[in-house]
Every structure is written in C-alpha cells, then in structure tokens.
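Novice:
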Amino acid sequence: MYVTLSSESTSADQAMGARLLSQPAASHTQHRTYATGANLFHEGDTANHVYEVKSGVLRLTRVLENGRRQVIAFGLPGDIIGFPNGDAHHTDCDVVATAEIIAHRRSKLETGAGDPETHQRLLRAALREITAMQDHFMMLARKSAAEKVASFLLAISNRTGAPLGNYTAFSLPMSRADIADFLGLTVETVSRTFSILRKDGVISLETPQTVLVLDTGALLDASQSED
1 MYVTLSSEST SADQAMGARL LSQPAASHTQ HRTYATGANL FHEGDTANHV
51 YEVKSGVLRL TRVLENGRRQ VIAFGLPGDI IGFPNGDAHH TDCDVVATAE
101 IIAHRRSKLE TGAGDPETHQ RLLRAALREI TAMQDHFMML ARKSAAEKVA
151 SFLLAISNRT GAPLGNYTAF SLPMSRADIA DFLGLTVETV SRTFSILRKD
201 GVISLETPQT VLVLDTGALL DASQSED
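Under UniProt numbering, the sequence shown has 107 at position 107, and the numbering climbs by one with no breaks.
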C-alpha cells in the first residue's frame with residue numbers, strides 16, 4: 001500500500017479471492033496465519049512465493065547504507081506483496097497486525113502454472129504496485145509534512161474504514177515511528193500533525209491505534225497540495 005493511490009482489488013479480484021478461500025489449498029497455494037511480529041521473508045531471501053493479504057497488516061522495510069530504516073510499504077487486505085527483484089526479495093517483511101495470507105507460488109506470476117485467472121490477477125497487482133510507487137514518490141517530493149500525514153490517514157480510511165454513525169472508524173496498528181519512516185518524516189512531526197488534526201476537529205483518537213474521521217472533507221483538504 002502506497003499513500004496516494006488506492007490499490008484496492010477490483011470486484012473481479014475480490015470475487016476470485018473469495019473463491020480461493022472457499023477452495024481446498026492446492027500445492028501451489030498455501031493459506032497461512034502469522035502472528036504480530038512474525039517475519040515472512042528477509043531482503044535477499046529466495047522469492048518462492050508472492051503473498052496475498054486477506055486480513056491484518058504487513059510492513060515492508062529496508063535498511064539504508066547509513067543504518068536508518070525505511071518503511072517501503074504496508075500490506076493491507078487486498079494487496080499482493082513480495083514481488084521479487086530477479087530471484088530474491090528486495091525488502092524485509094514482517095507482521096504489524098495478525099495476518100491471514102495466501103501464499104502463491106511465483107510460477108503463477110511468471111507462467112500461470114495452470115491457473116491463468118490467478119496469473120492475470122497477479123500481473124494486474126504488479127502493475128498497480130508500479131503505478132502506486134510512482135505516485136508515492138511524487139507525494140514524498142511535492143507534499144508538505146502535514147499533507148503527507150493527512151494523505152496517509154485518508155488512504156487508510158478509504159481502504160479499511162467502516163461507518164460508525166456519521167463518521168468513519170479504522171484501525172491504525174502501525175506505530176508513529178512506522179508512519180514517520182514511511183513518509184520520510186520525524187516521529188515528532190507525525191505526532192504534532194495528529195494533534196493538530198485532533199484540535200481542528202478533523203479526527204479523534206479513540207485509542208492510539210483507533211482513528212475516527214470526524215470530517216472527511218476537511219481531511220481531504222488537508223491532504224491536498226496548494227501548488
């Protein structure tokens with residue numbers, strides 16, 4: 001998941017995913033549940049599978065040459081992550097919130113392996129990731145710190161939010177440090193922007209991990225550059 005482009009599955013993708021869950025697991029498809037803190041793969045590991053997120057949240061990270069961590073993306077329900085660089089994974093991947101995963105053998109992505117429908121769905125997911133990555137880089141370059149945080153919250157709300165009366169509620173299991181490392185900001189800046197949005201009546205924090213969007217229009221305005 002990148003901030004500025006919703007990578008929601010299409011209705012066809014969602015229907016296909018539902019069928020996969022209802023079918024017995026074949027040798028090329030494995031259903032797995034990972035607890036919070038578990039690791040799916042490390043940078044440099046041989047990429048035998050790509051991973052479809054059915055529930056929970058994953059975090060993809062790399063360690064830069066200066067030793068600092070960069071959060072590359074978050075895997076949300078509907079995302080497919082772990083596309084390889086050659087034969088290897090190019091990030092670490094761990095679990096932020098207990099996740100149900102469908103592991104597809106990489107041969108499905110490369111040849112279809114007797115399942116052309118899933119092959120096409122994985123290719124569409126790879127193309128969405130490329131487009132989303134381009135939009136994310138543009139957002140990092142052009143938006144202010146406050147706009148980045150608002151964009152992030154809006155993206156999560158659009159992807160995972162549920163109606164709660166006149167508002168929208170969603171879980172935010174990633175830490176403020178995770179968000180900062182994803183947006184290229186400091187933890188202090190992220191926390192300060194959260195406080196401003198609360199003070200302005202745009203959001204409410206029911207808990208540190210539960211956000212209530214009180215004014216979606218105002219959050220959208222806060223996410224948009226004035227350039």
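The beta-carbon is built from N, C-alpha and C at its ideal position, and this holds for glycine as well.
1. With a cut-off of 8 Å, do at least 3 Cβ pairs link the region 199-219 to the region 158-174?
2. Looking at Asn39 and residue 241, is the spacing between their C-beta atoms short of 8 Å?
3. Please return the same chain residues whose Cβ sits closer than 8 Å to the Cβ of Ala123, not counting the five positions on each side in sequence.
4. May I ask you to verify whether the region 84-94 touches the region 52-61, counting CB pairs closer than 8 Å and requiring at least 3?
5. Within 10 Å of its beta-carbon, does Glu129 have 16 or more other beta-carbons around it, so buried, or fewer, so exposed?
6. Within the continuous alpha helix (DSSP H) that includes Asp178, where are the two ends?
7. What residues match up with Asp215 in a beta bridge as DSSP calls it?
8. When you compare only the Cα positions, how much space is there between Thr98 and Ala35?
9. Under the three-state reduction of DSSP, which class applies to Asn66: helix, strand or coil?
10. Would you identify the three-state DSSP class for Thr160, choosing helix, strand or coil?
11. Per DSSP, what kind of secondary structure is Ala73 in: helix, strand or coil?
12. Could you check what DSSP says for Gln30 in three-state terms: helix, strand or coil?
13. Rounding to the nearest angstrom, what Cα-Cα distance links Phe83 and His136 in this structure?
14. Between which two residues does the beta strand (DSSP E) carrying Thr168 extend?
15. Just curious, the beta strand (DSSP E) that Val202 is in, first and last residue?
16. Restricting to Cα atoms, I'd like to know which of Ala177, Glu52 and Leu185 is closest to Pro77.
17. How many angstroms separate the CA atom of Ser144 from the CA atom of Thr118?
18. Rounded to whole angstroms, what is the Cα-Cα separation between Ile203 and Leu197?
19. Using a Cβ-Cβ cut-off of 7 Å (strictly less than) and excluding sequence neighbours within five positions of Ala88, which residues of its own chain qualify?
20. Where does Ser144 fall in DSSP's three states?
21. In the DSSP output, which residue or residues are listed as bridge partners for Ser223?
22. Can you tell me the Cα-Cα spacing of residue 239 and Ser157, whole angstroms?
23. Please report the straight-line C-alpha distance between Asn85 and Ala73, rounded to a whole angstrom.
24. Do Leu140 and Gly184 have their C-beta atoms within less than 8 Å of each other?
Specialist: Reading off the structure:
1. yes
2. Outside the shown range of the chain, which is 1 to 227, sits residue 241, and nothing can be said about it.
3. Here residue 123 is Leu; the residue named in the question, Ala, does not match the sequence. Here the set comprises Leu109.
4. yes
5. buried
6. Arg176 to Leu183
7. For Asp215, which the question treats as bridged, DSSP gives no partner whatsoever.
8. 5 Å
9. Three-state result, Asn66: coil.
10. helix
11. Reduced to three states, the DSSP call for Ala73 is strand.
12. In the structure shown, Gln30 sits in a strand (DSSP, three-state: E or B).
13. Here the C-alpha atom of Phe83 lies approximately 17 Å from the C-alpha atom of His136.
14. Going by DSSP, Thr168 is part of the beta strand (DSSP E) stretching over Tyr167 to Ser171.
15. Counting along the chain, Val202 falls outside any beta strand (DSSP E), and DSSP gives it neither H nor E.
16. Of the candidates Ala177, Glu52 and Leu185, the one whose C-alpha sits nearest the C-alpha of Pro77 is Glu52.
17. 39 Å
18. 6 Å
19. Gly44, Asp45, Thr46 and Ala47
20. In the structure shown, Ser144 sits in coil (DSSP, three-state: anything other than H, G, I, E or B).
21. According to DSSP, Ser223 bridges with nothing at all.
22. Only positions 1 to 227 of the chain appear in the structure, and residue 239 is not among them; the question remains open.
23. Looking at the two C-alpha atoms, the distance is approximately 16 Å.
24. For Leu140 and Gly184, yes; Cβs fall inside 8 Å.
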